[in-house]
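Down below is the structure, laid out as structure tokens.
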Amino acid sequence: MILKIDEDVIEKCEDVIDYELPEVERDDASGIIRIPKTIILHPPVKNTPEQIAKKRTFWREFMNKHGVVKIVAPMVGRKRLRFIENGLLMSFSELAFRMFMRKYGAHVTVTPMIHAHLFVNDTTYRRNALALCEADRPLIVQFCANKPDTFLAACRLVEGYCDGVDLNLGCPQMVAKKGRYGAYLQ
């Protein structure tokens with residue numbers, strides 16, 4: 001996402017971050033990373049047009065290097081499949097699905113739709129809605145929102161934990177109609 005403010009361009013760029021990213025909740029046994037319930041946002045990073053051109057060149061080269069880039073869309077439904085492996089009941093979560101798809105050739109994965117309003121305002125939802133791991137990159141986080149400020153705040157919360165953000169503009173479900181987002185964005 002790019003915003004123009006007084007001829008400055010604001011965008012996340014790792015090579016110009018001059019602050020530490022916030023602590024993450026890390027499960028050392030599984031390698032799963034979660035965004036913590038409490039997080040302090042730093043001022044947005046201001047990039048020059050040259051820095052933005054560098055990032056765009058990176059993505060263009062990444063796409064060309066892999067030929068046809070395989071992008072895995074999120075699972076729909078959030079139902080967790082359960083199966084028994086070695087006598088243990090296991091859940092097939094979004095993170096596990098993304099890693100499974102990477103094993104079979106996916107270059108980029110996308111999270112399921114996350115409600116930006118809940119992600120910003122409900123700390124428990126934030127902790128549970130997004131599980132990450134270092135091997136799950138490049139990763140696009142998908143939000144649904146109907147207010148630009150809420151969408152921006154959600155983007156700021158995942159800054160540094162993902163490689164891109166997507167605004168869902170196509171969800172046709174009734175919940176999207178009630179919330180006025182997705183295909184019903186007004």
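Heads up: the sequence shown begins at 1 in UniProt numbering, then just goes up one per residue.
All C-beta atoms, glycine included, are put in the ideal place defined by N, C-alpha and C.
Keep in mind that this is a model prediction, so the values were computed, not measured.
For the candidate residues the options, whose alpha-carbon lies nearest to that of residue i?
{"i": "V165", "options": "A145, A183, K178 and P172", "result": "A145"}
{"i": "Y125", "options": "C133, M113 and L169", "result": "M113"}
{"i": "E134", "options": "A176, P44, A183 and M99", "result": "M99"}
{"i": "G170", "options": "G182, K178, F62 and I40", "result": "G182"}
{"i": "residue 213", "options": "L167, T109, R156 and E94", "result": "Outside the shown range of the chain (1 to 186) lies residue 213, about which nothing can therefore be said."}
Hey, how far is the Cα of residue i from the Cα of residue j?
{"i": "residue 188", "j": "G160", "result": "This structure does not reach residue 188, given that the chain is present from 1 up to 186, and the question cannot be answered."}
{"i": "R127", "j": "P74", "result": "18 Å"}
{"i": "residue 190", "j": "T111", "result": "Only positions 1 to 186 of the chain appear in this structure, which leaves residue 190 out of reach."}
{"i": "T57", "j": "G67", "result": "15 Å"}
{"i": "C162", "j": "L130", "result": "11 Å"}
{"i": "P138", "j": "A154", "result": "18 Å"}
{"i": "V175", "j": "Y184", "result": "10 Å"}
{"i": "K65", "j": "S30", "result": "31 Å"}
{"i": "Q173", "j": "V141", "result": "19 Å"}
{"i": "R26", "j": "R180", "result": "35 Å"}
{"i": "V69", "j": "E61", "result": "11 Å"}
{"i": "F143", "j": "M101", "result": "21 Å"}
{"i": "K177", "j": "K55", "result": "35 Å"}
{"i": "Q186", "j": "P44", "result": "27 Å"}
{"i": "L132", "j": "M63", "result": "23 Å"}
{"i": "D28", "j": "L41", "result": "25 Å"}
{"i": "K12", "j": "K46", "result": "Confidence in K12 is poor, its pLDDT being 35 and thus under 50, which makes the residue's placement too unreliable to answer from."}
Under 8 Å by Cβ, that's how I've got residue i and residue j pegged, so tell me the actual separation to the nearest angstrom.
{"i": "F119", "j": "L157", "result": "7 Å"}
{"i": "D122", "j": "L95", "result": "Going by Cβ atoms, the distance from D122 to L95 rounds to 20 Å, so no, they are not a contact pair."}
Should the region 45-58 be called in touch with the region 138-152, which here means at least 3 C-beta pairs below 8 Å? Contact between the region 45-58 and the region 138-152 is absent, because fewer than three Cβ pairs lie under 8 Å.
Are at least three pairs of beta-carbons, each pair with one atom in the region 35-45 and one in the region 101-108, less than 8 Å apart? Contact between the region 35-45 and the region 101-108 is absent, because fewer than three Cβ pairs lie under 8 Å.
Which residue spans inside the region 99-149 form an unbroken beta strand (DSSP E) run of at least 3? If we require 3 residues or more, the beta strand (DSSP E) runs fully inside the region 99-149 come out as 108-110 and 139-144.
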